[in-house]
Amino acid sequence: MDAFFASVELLRYPQLKGLPVVIGGGRRRVDEMVRERFSDRPLSEIPAGAFPLLKDYVGRGVITTATYPARQFGVGSAMGMMKAARLCPQAIVLPADFDEVRRLSRAFKAVIRDIAPVVEDRGIDEVYIDFTDVPGGQREGGRVLARLIQKSIFEATRLTCSIGVAPNKLLAKMASEFNKPNGISIVHEDDLQSRIWPLAVRKINGIGPKAEAKLLRLHVHTIGDLAAQDPEWLVDNFGQSTGRWMHNVAWGRDDRPVVTESEPVSMSRETTFDRDLHAVRDRAELGAIFTDLCERVADDLRRKGYVGKTIGIKLRYDDFRTATRDHTLEHFTDDAKAIRRVAGLCLKRVPLDRKLRLLGVRVGKLARAGSTEATAVAAPLRVEEHTPDLFQAG
DNA sequence: TCTGGGGTCCTAGGACCC
DNA sequence: TCTGGGGTCCTAGGACCC
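One gets the numbering used here by counting positions in the first sequence from 1 and adding 1178 to each.
Encoded structure:
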């Protein structure tokens, strides 16, 4: 989906179309004051000039999404709000409306599944779709089906998306970036040299800032450079697994299937404080936040029907270093008090000499509530109950 | 006044088991 | 004088993605 969170806000405030708008940062709806001030008219008639600007923004946080006009100024996802404010002070800031974003996410995915049922979820605004067995999925290299999906999503949501069609997920993901926003791009196997190799290695899904920096140090800049490297040399520098993977992706090879179903591995809640907190001096405040996080995780587990047996905490110090501790229980739980107790034990094992900026609680090793795995009580088998197998007999 | 929140997967050492 | 070889699970940290 194109600039998803921002586009969702533009549905509500169409008068902001064409303007630099960023979503992010706030814990509360900073446009509430504006809405109160103009409560006598519809949202779409609030003058654009009345909205809060990035230059007036105070506080912590990062940009979730920037509209394309804002991107012209170099503002983008994951950028700190303060830095963004220097680049584009006149941008309008709005908070994310998660409920509305989730609703529209479900809506666009439902539209796709109606047309092409083999869909892999890739977060709130992205999916992989397998065109292979969709009737007409091969027409014009997939362009006809891609157009139908685009049109159907727009009719259902008034939102635009960009689609890349290619022989595998790796190339499709890259192709989807070629023609944004509201674009379609078809990449064939033969296009590797001309369209993929000139790209920076960072464009590969799976090469992040660290791998990029190391590749640049080794004078590997483009995907073509990467493809030209001896696989053995890549293995020597990045290890067996990453080295081989890098070689394969540089040659456009990816055999991962489109996975339509998956079970969650963990659920967590975390929060960055408005100001850094001290474990001793701000004990009461931290304690309340800690308990609240445990209750929210427990609530998430219950709502989604899961229990977990590994309880963990995460904290981030004022110098941005992160520490985690976890503890695995004998039994599964979704109980806030139990989670709070174990998380409290974890907290005792971590240094608390620095101020904290973030606290998080995680539950892992999940099982479906009520499943045999979740309810089985681990009882050691008594010897006389043990039926010997072939090798033990006699 | 830098740097969110919710995830997955990988690595690596150590405990423990057969 | 020589001290295995598998395997799984747990824990901590980190890279990466949306």
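Backbone N, C-alpha and C fix where the C-beta goes; we use that ideal spot for every residue, glycine too.
Asked                                                                                                                 : Found
Beta carbon of T1506 nearer than 7 angstroms to that of K1492                                                         : no
Buried or exposed by the 16-neighbour rule on C-beta atoms within 10 Å, applied to T1242                              : buried
Pairwise C-alpha distance: T1335 and A1294                                                                            : 18 angstroms
Under the three-state DSSP convention, the category Q1570 falls into                                                  : Residue confidence is low: Q1570 scores 44 on pLDDT, short of 50, so the model does not pin down where it sits. No coordinate-derived value is stated.
M1445 - containing beta strand (DSSP E), residue span                                                                 : 1444–1455
For K1261, three-class secondary structure by DSSP                                                                    : helix
M1259 classed as buried or exposed, judged by whether at least 16 other C-beta atoms fall within 10 angstroms         : buried
T1553 (DSSP reduced to helix, strand or coil)                                                                         : helix
Beta carbon of R1480 nearer than 7 angstroms to that of D1513                                                         : no
Meets three-Cβ-pair contact criterion under 8 angstroms: the stretch 1414–1432 and the stretch 1324–1340              : no
Minimum C-alpha distance to L1523 - residue among L1544, G1490, A1274                                                 : G1490
CA nearest to the CA of A1547, picked from Y1495, R1499, G1227, V1485                                                 : V1485
Spatial distance of A1226 from K1195 (CA atoms)                                                                       : 10 angstroms
Run of the beta strand (DSSP E) containing K1492, from where it starts to where it stops                              : 1484–1495
Nearest-angstrom Cβ-Cβ length linking T1469 and R1518, presumed shorter than 8 angstroms                              : 6 angstroms
Validate contact between the stretch 1345–1361 and the stretch 1188–1203 using beta carbons, cut 8 angstroms, 3 pairs : no
Through-space distance from N1383 to L1349, alpha-carbon basis                                                        : 9 angstroms
Under 7 angstroms between C-beta atoms of G1430 and L1370                                                             : yes
The alpha helix (DSSP H) enclosing L1519, as first and last residue numbers                                           : The amino acid at residue 1519 is misidentified as Leu; the sequence shows Arg. Its alpha helix (DSSP H) spans residues 1514–1526.
Cβ-based burial, A1264 [other Cβ within 10 Å; buried from 16]                                                         : In the sequence on display, residue 1264 carries Arg and not Ala. Counting Cβ neighbours within 10 Å, R1264 comes out exposed, since fewer than 16 surround it.
Start-to-end residues for the beta strand (DSSP E) that takes in I1307                                                : 1305–1307
Exposure of D1303, with buried meaning 16 or more beta-carbon neighbours within 10 Å                                  : buried
Of the listed residues F1451, L1377, G1301, R1219, nearest to R1280 (C-alpha basis)                                   : G1301
Every unbroken beta strand (DSSP E) within the stretch 1404–1435, with a cutoff of 3 residues, ordered by chain       : none
Whole-angstrom distance between G1314 and D1275, CA atom to CA atom                                                   : 37 angstroms
Those runs of the beta strand (DSSP E) which lie wholly inside the stretch 1282–1351 and span at least 3 residues     : 1297–1299, 1305–1307, 1341–1343
Minimum C-alpha distance to F1229 - residue among F1251, S1255, K1515, P1273                                          : P1273
Proximity to D1496 [Cα-Cα], best of V1212, R1238, P1359, Q1193                                                        : R1238
I1401 beta carbon less than 7 angstroms from that of V1379                                                            : yes
Candidates L1536, C1472, K1482, of which the one nearest T1500 by Cα                                                  : L1536
E1214 classed as buried or exposed, judged by whether at least 16 other C-beta atoms fall within 10 angstroms         : exposed
Beta-carbon spacing of D1308, V1322 below 7 angstroms                                                                 : no
Inter-residue CB distance, S1446 and L1544 (contact presumed, cutoff 8 angstroms)                                     : Not really, about 11 angstroms apart at Cβ, beyond 8 angstroms.
Residues bridged to I1364 (per DSSP)                                                                                  : V1343
Cβ pair A1269, L1221 closer than 7 angstroms                                                                          : no
Nearest to A1184 (by Cα), restricted to the options D1477, E1410, R1249, L1471                                        : R1249
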